[in-house]
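Trainee:
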Amino acid sequence: MLTVAKLAILIKYRWDNHLFKKQALAQEKELLADIDWYDIGELLQDLKLYHKNLVAAEYAKKILTDLRQVCADDETAQTLLGYASTL
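Heads up, the sequence shown is in UniProt numbering, so the first residue is 1 and it goes up one at a time.
1) In angstroms, rounded to a whole number, what distance separates the CA positions of M1 and Y59?
2) Assuming contact is defined by CB atoms lying nearer than 8 Å, are I9 and L43 in contact in what I supplied?
3) Within the same chain, show all residues whose beta-carbon is closer than 8 Å to that of Q23, passing over the 5 residues directly before and after it, in chain order.
4) What does the alpha-carbon distance come out to for the pair T86 and K29?
5) Can you find the residues in the same chain that come closer than 6 Å, C-beta to C-beta, to V55, ignoring five residues on each side of it along the sequence?
See below:
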């Protein structure tokens, strides 16, 4: 599950798995060990499209459902949703 702490690390390394692998601290790597980089990257792309109103209403519902399933709590979901709106 994605938490605010994990989200902070993803943002720090600009969602770049290669950069993360090269530069991340051992404790950061341990914290993100359960992250599926591909899936979380897909969600971020979908959220960017969502904020630009480039998805159908039904797909927007799916994106928000996926967001809730990936995030550990509402705070994390709102943080990720807000972050995606800035991209």
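All C-beta atoms, glycine included, are put in the ideal place defined by N, C-alpha and C.
The structure displayed is predicted, hence computed values, not measured ones.
Mentor: Quick answer:
1) About 22 Å.
2) No. Outside cutoff.
3) Same-chain partners within the cutoff: Y13.
4) Computed Cα separation, rounded: 26 Å.
5) Take V55, set aside five residues on each side of it, and the residues of its chain with a beta-carbon closer than 6 Å to its own are L49, in chain order.
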